[in-house]
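**Student:** Residue numbers (the working numbering): 648 to 1144. Each residue gets a CB set at the ideal place from its N, CA and C atoms; glycine is no exception. Below: one structure in structure tokens.
What follows is the structure, encoded as structure tokens:
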């Protein structure tokens, strides 16, 4: 029942935020924060029990819950949690707490509705990470869409009123295309399984034995891949991401970079590779080529942008290429590095987006061309920026380094040419981030900003993120110990072990 609790609790918390909307602006914030703390406590309890995983047809669950839903169609509410999903749920909860604290002063209108939509996103994402029935997974995949659309439309930056609605609409269209492709591939998979066995089911455990071969299986896998690639996103399906970041509130950018994007990587690991192992092996060379193109495209685009958020967005797109390399590396070491990389990247990107919001509060612009000479005036903020940029460059001692190193090292003996090409991109990353740092904090002052120090809230948010990044840099076993069994299962589906 604790799995149902993880889904129901944020939904109830969101409803209470909505009900309290007309009382005062403080109550919804407290309700949402208290809800997330309860969620964190429950998730940590499940994490603690992670070593006691139970076996179910070669799958290992910490806990599971199943009840019939639409019996005639073989659809059930089947929830299960293992080391992979508990890691993603904990990341979601931590970033959810961060989003609430970041929006404490930034969001001043319709505070209850804002936190209702935020809790809606958390509910959908946690439900997605727990879903083992593919139809249920699709339902939660679609449920993420509307609240994110409303966050961008209603609480985006005011001076870009028309553009933020346009950006939200583009995000909506891309997400709908992704959902449609996913639904087509899921239904195709279910019908093929029904044709072979006479059993109509959407259950992941059963569908693992579909054994689809030939061109039909390859086509279904490609459609599934594109559905996830749009949300990840990788080039050329990335068109929605930069503008969505530009016009989103800070909490929205945190949710997109740290939570929504990671659902696509999770979907590839959980469903795409295990359901289509043969097709994935055949497709891996194409996927790796796309990953290299994504890495360099994102890096070169980051050089040309003047909006801080846009630079960070394209940097994230570049990093998605490394995620794709790890997924198709067929290496346990690389996949475990991938988990560390995704977590640390989420914290690092969130920190940079928070800093961009703090700079905007003081300068009323995010255009780098109008910045310069801020180091002496905003010493604490510039120091935090330097630390997050160092983390983005994967300097030893950070989780980013552990993740990136394991991806490259673990994959090298299988795909050396790809890893060599990917490694050269790290130089480009260093260059555009150093240029960004220099243009903002050094040189001469071009505008007169509101120079005031970081508040305690702003300071501790950034400090906690840095502590977490360093924690995973020195103690990666926090992730390795609980993720080994599900990662080994993915490799087993590749027929490598």
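If we ignore side chains and look at the alpha-carbon of each, how far apart do residue 703 and residue 730 end up?
**Tutor:** Confidence at residue 703 is low in this model, with a pLDDT of 43, below 50, so the placement of that residue should be treated as unreliable; the coordinate-derived value is given next. Roughly 14 Å separates the two Cα atoms.
**Student:** I'd like the list of long-range same chain contacts for residue 965, defined as Cβ closer than 6 Å, with 5 residues on each side in sequence excluded.
**Tutor:** For residue 965, where only same-chain residues beyond five positions count, the Cβ hits under 6 Å are 942, 945, 946.
**Student:** Using the beta-carbon count (16 or more within 10 Å), is residue 1030 buried or exposed?
**Tutor:** Exposed, because fewer than 16 other Cβ atoms sit within 10 Å of the Cβ of residue 1030.
**Student:** With distances taken Cα to Cα, identify the nearest neighbour of residue 660 among 735, 770, 1011, 976.
**Tutor:** When each option's Cα is compared against that of residue 660, the closest is 770.
**Student:** Count the other CB atoms within 10 Å of the CB of residue 811; is the residue buried (16 or more) or exposed (fewer)?
**Tutor:** Per the 10 Å Cβ criterion, buried.
**Student:** Nearest to residue 888 by CA position, among 972, 860, 796, 923, is which residue?
**Tutor:** The option with the nearest alpha carbon to residue 888 is 796.
**Student:** Taking the beta carbon of residue 780 as the centre, do at least 16 other beta carbons fall within 10 Å, making it buried, or is it exposed?
**Tutor:** Classification for residue 780: buried.
**Student:** Apart from the five residues on each side of it in sequence, which residues of its chain come closer than 7 Å, Cβ to Cβ, to residue 716?
**Tutor:** 722, 723, 724.
**Student:** Can you name the start and end residues of the beta strand (DSSP E) that residue 723 belongs to?
**Tutor:** Unbroken beta strand (DSSP E) run through residue 723: 722-728.
**Student:** Does residue 710 come out as helix, strand or coil in the three-state DSSP assignment?
**Tutor:** Strand.
**Student:** DSSP has residue 778 in a bridge; who is on the other side?
**Tutor:** Answer is 726, bridged to residue 778.
**Student:** Roughly how many whole angstroms lie between the Cα atoms of residue 1100 and residue 1109?
**Tutor:** So the alpha carbons of these two residues sit roughly 14 Å apart.
**Student:** For the pair the region 920-928 and the region 1048-1068, tell me if three or more CB-CB distances fall below 8 Å.
**Tutor:** No, the region 920-928 does not touch the region 1048-1068.
**Student:** So, residue 799 versus residue 861, is the Cβ gap smaller than 8 Å?
**Tutor:** Going by C-beta atoms, residue 799 is not nearer than 8 Å to residue 861.
**Student:** Output yes if chain B places a C-beta closer than 8 Å to the C-beta of residue 1033; else output no.
**Tutor:** Annotation note: the requested chain B is absent from the structure, which comprises a single protein chain.
**Student:** Can you give the Cα-Cα distance for residue 1086 and residue 663, rounded to whole angstroms?
**Tutor:** Rounded to whole angstroms, residue 1086 to residue 663 spans 45 Å at the Cα level.
**Student:** Using DSSP's beta-bridge definition, name the partner residues of residue 1014.
**Tutor:** 954, per the DSSP bridge assignment.
**Student:** By a C-beta neighbour count over all protein chains shown, 10 Å radius and 16 as the cutoff for buried, is residue 840 buried or exposed?
**Tutor:** Residue 840 comes out buried.
**Student:** Check residue 751 in the structure and name its three-state DSSP category.
**Tutor:** Helix.
**Student:** Is it buried or exposed for residue 850, if we count other Cβ within 10 angstroms and need 16 for buried?
**Tutor:** Per the 10 Å Cβ criterion, buried.
**Student:** With DSSP as the reference, label residue 767 as helix, strand or coil.
**Tutor:** Helix.
**Student:** Evaluate the contact criterion for the region 820-833 versus the region 774-794: three or more CB pairs, one atom per stretch, below 8 Å.
**Tutor:** Counting Cβ pairs under 8 Å, three or more are found: they touch.
**Student:** Alpha carbons only, please: which of 708, 747, 1128, 907 is nearest the one belonging to residue 1105?
**Tutor:** Checking every option, the nearest Cα to that of residue 1105 belongs to 747.
**Student:** Within the same chain, show all residues whose beta-carbon is closer than 6 Å to that of residue 949, passing over the 5 residues directly before and after it, in chain order.
**Tutor:** Here the set comprises 958, 961, 962, 1079.
**Student:** Tell me the rounded alpha-carbon separation between residue 954 and residue 1111.
**Tutor:** Taking the straight line joining both Cα atoms gives about 26 Å.
**Student:** Using the C-alpha atoms, what's the distance from residue 727 back to residue 997?
**Tutor:** When rounded, the distance between both Cα atoms is 28 Å.
**Student:** Tell me whether residue 1045 counts as near the ligand MG, meaning its Cβ is closer than 7 Å to at least one heavy atom of that ligand.
**Tutor:** Absence of the ligand MG is noted for the structure shown, with no ligands found whatsoever.
**Student:** Going by C-alpha distance, which of 1021, 743, 752 is nearest residue 907?
**Tutor:** Selected option, being the one with the closest Cα: 743.
**Student:** Between the Cα of residue 824 and the Cα atoms of 876, 738, 776, which residue gives the shortest distance?
**Tutor:** Nearest C-alpha to residue 824: 876.
**Student:** Apply the 10 Å Cβ neighbour rule to residue 1050 and answer buried if 16 or more other Cβ atoms are within range, or exposed otherwise.
**Tutor:** So residue 1050 counts as buried.
**Student:** Keeping to the same chain, check which residues put their C-beta closer than 7 Å to that of residue 891; ignore five residues upstream and five downstream.
**Tutor:** If we look at residue 891 and ignore the five residues flanking it on each side, its Cβ neighbours are 799, 814, 818, 903.
**Student:** Is the Cβ-Cβ distance between residue 985 and residue 993 less than 8 Å?
**Tutor:** No, these two residues do not count as a Cβ contact at 8 Å.
**Student:** Which residue wins for smallest C-alpha separation from residue 1128, given the options 719, 652, 733?
**Tutor:** Residue 1128 has its Cα closest to that of 733, out of 719, 652, 733.
**Student:** Is the beta carbon of residue 1003 sitting closer than 8 Å to the one on residue 1119?
**Tutor:** No, the pair does not count as a contact, with Cβ atoms beyond the cut-off.
**Student:** Residue 902 lies in the alpha helix (DSSP H); which residues open and close that run?
**Tutor:** Unbroken alpha helix (DSSP H) run through residue 902: 897-902.
**Student:** Rounded to the nearest angstrom, what separates residue 1082 and residue 1021 at their Cα positions?
**Tutor:** Each residue's Cα considered, the two are about 14 Å apart.
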